[in-house]
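Residue numbers (this note's numbering), protein chains in the order written: chain A, 3 to 114; chain B, 80 to 192. Below: one structure, written as structure tokens.
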Amino acid sequence: GENVEQHPSTLSVQEGDSAVIKCTYSDSASNYFPWYKQELGKRPQLIIDIRSNVGEKKDQRIAVTLNKTAKHFSLHITETQPEDSAVYFCAASKGGSYIPTFGRGTSLIVHP
Amino acid sequence: NAGVTQTPKFRVLKTGQSMTLLCAQDMNHEYMYWYRQDPGMGLRLIHYSVGEGTTAKGEVPDGYNVSRLKKQNFLLGLESAAPSQTSVYFCASKRSGAEETQYFGPGTRLLVL
Numbered sequence: 003g004e005n006v007e008q009h010p011s012t013l014s015v016q017e018g019d020s021a022v023i024k025c026t027y028s029d030s031a032s033n034y035f036p037w038y039k040q041e042l043g044k045r046p047q048l049i050i051d052i053r054s055n056v057g058e059k060k061d062q063r064i065a066v067t068l069n070k071t072a073k074h075f076s077l078h079i080t081e082t083q084p085e086d087s088a089v090y091f092c093a094a095s096k097g098g099s100y101i102p103t104f105g106r107g108t109s110l111i112v113h114p
Numbered sequence: 080n081a082g083v084t085q086t087p088k089f090r091v092l093k094t095g096q097s098m099t100l101l102c103a104q105d106m107n108h109e110y111m112y113w114y115r116q117d118p119g120m121g122l123r124l125i126h127y128s129v130g131e132g133t134t135a136k137g138e139v140p141d142g143y144n145v146s147r148l149k150k151q152n153f154l155l156g157l158e159s160a161a162p163s164q165t166s167v168y169f170c171a172s173k174r175s176g177a178e179e180t181q182y183f184g185p186g187t188r189l190l191v192l
């Protein structure tokens, strides 16, 4: 089955810096890669996603890049703010599978 | 739309007691999921359902049972609670299809003493 590795497990940055979280996946048939943000005590919520026919997608300060050859995708957050502090999860899924595979999560801490 | 809701929000059980967690969604989603979240362990899938009347086991199904008698509801049961089942439980739902995002409920915090 699919395996998703997520790094780092913890990331500490200063406000205004950029943050990058990386995920690798094992199944080359995976074609959908969402990213979820989970604030403390809250539910995971989708912040951005990318499909396998696209190499990069941006939404204001966040962007996701996908390298299908290397089977990895990354979340980029620019100009980080304290409210970006949260746990971020990546996931991968493919046609014919009912179950997305999640990474273990990255705890991002943005220091004011 | 309320989205995905969960009942209760918090519960304390004694070892051996039983309880049912209720998940409801008003988005007409086909697929529904139950996860547990423990510190450092991410989201682990307990059971899932791809339609009314169908259920399947996930990664950590032992000690749990589920039912999906109505499309909008997905119930998670603990027949005999154990301290190892202390966790935060999230329900999620999505449309059928691989390129569809999951929508999560607010979570149920369960403490088993």
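Note that the Cβ used here is the ideal one computed from N, Cα and C, for glycine as well.
Nonlocal neighbours in the same chain, by C-beta distance under 6 Å from residue i, ignoring five residues either side
i	result
A/Pro-5	Per the sequence shown, residue 5 of chain A should be read as Asn rather than Pro. Closer than 6 Å at the Cβ level, and outside the excluded window around A/Asn-5, lie Ser-28.
A/His-113	Gln-16
B/Ala-81	Asp-105
B/Asn-144	Gly-156
A/Arg-106	Gln-8
B/Thr-86	Leu-101
B/Arg-90	Leu-189
B/Glu-158	Ser-97
A/Asp-19	Thr-82
B/Lys-150	Glu-131
Residue i versus residue j - alpha carbon distance
i	j	result
B/Gly-130	B/Leu-154	13 Å
B/Met-111	A/Arg-53	22 Å
B/Gln-96	B/Pro-162	11 Å
A/Thr-67	A/Phe-91	15 Å
B/Asn-152	A/Glu-41	26 Å
A/Thr-82	B/Val-139	36 Å
A/Val-89	A/Lys-39	6 Å
A/Thr-103	B/Met-120	13 Å
B/Ala-160	B/Leu-124	18 Å
A/Ile-65	B/Thr-99	Note that residue 65 of chain A is Ala in the sequence shown, not Ile. When rounded, the distance between both Cα atoms is 40 Å.
A/Thr-43	A/Gly-3	According to the sequence as given, residue 43 of chain A is Gly; it is not Thr. Cα to Cα, the separation comes out at about 30 Å.
A/Asn-69	B/Lys-136	32 Å
Within-8 Å CB hit, residue i to chain B
i	result
A/Tyr-34	yes
A/Asp-51	yes
A/Lys-59	no
A/Ser-99	yes
A/Gly-107	yes
A/Pro-10	no
A/Arg-63	no
A/Leu-68	no
A/Leu-48	yes
Cβ shell of residue i (< 7 Å), same chain only, five flanking positions each side left out
i	result
B/Lys-93	Leu-192
B/Asn-116	According to the sequence provided, residue 116 of chain B is Gln. The question's Asn does not apply to it. Counting only Cβ-Cβ distances below 7 Å, and skipping sequence neighbours, we find Leu-122, Ser-166, Val-167, Phe-169.
A/Ala-21	Leu-13, Val-15, Ile-79, Thr-82, Leu-110
Any C-beta of chain A under 8 Å from that of residue i
i	result
B/Leu-122	yes
B/Ala-177	yes
B/Gln-181	yes
B/Phe-47	Shown here, chain B extends from 80 to 192; a query on residue 47 of chain B therefore has no answer.
B/Pro-140	no
B/Phe-169	yes
B/Pro-87	no
B/Gly-184	yes
Option in the options with minimal Cα separation from residue i
i	options	result
A/Gly-57	A/Ser-14, A/Tyr-38, A/His-74	A/His-74
B/His-126	B/Trp-113, B/Thr-133, B/Pro-118, B/Gly-119	B/Trp-113
A/Ile-79	A/Lys-24, A/Asn-69, A/Ser-11, A/Lys-44	A/Lys-24
B/Glu-179	A/Lys-44, A/Pro-84, A/Glu-85, A/Asp-51	A/Asp-51
B/Pro-185	A/Ser-20, A/Pro-46, A/Thr-103	A/Pro-46
A/Gln-125	A/Ile-49, A/Pro-84, A/Asp-19	In the structure as shown, chain A begins at 3 and stops at 114. Residue 125 of chain A is therefore absent and cannot be evaluated.
A/Lys-60	A/Ala-72, A/Leu-77, A/Thr-103	A/Leu-77
A/Asn-55	A/Thr-71, A/Pro-102, A/Trp-37, A/Pro-10	A/Thr-71
B/Tyr-182	A/Glu-85, A/Ser-109, A/Trp-37	A/Trp-37
Same chain, Cβ closer than 8 Å to residue i, five either side skipped, listed in chain order
i	result
A/Ile-111	Thr-12, Leu-13, Ser-14, Val-15, Ser-87
B/Lys-88	Pro-185, Gly-186, Thr-187, Arg-188
B/Arg-147	Met-111, Ser-128, Gly-130, Glu-131, Gly-132, Thr-133, Thr-134, Phe-153, Leu-154
Any non-hydrogen atom of the ligand NAP within 7 Å of residue i CB
i	result
B/Gly-132	Ligands in the displayed structure: none, and consequently the ligand NAP is not present.
Count the C-beta pairs between the segment 99 to 115 of chain B and the segment 160 to 177 of chain B that are closer than 8 Å, then say yes if the count reaches three, no if not.
-> yes
Should the segment 87 to 102 of chain A be regarded as contacting the segment 17 to 36 of chain A, the criterion being three or more beta carbon pairs within less than 8 Å?
-> yes
Looking at chain C, which residues of the segment 99 to 130 of chain B have a Cβ within less than 7 Å of any of its Cβ atoms?
-> Absence of chain C from the displayed structure is noted, the protein chains being A and B.
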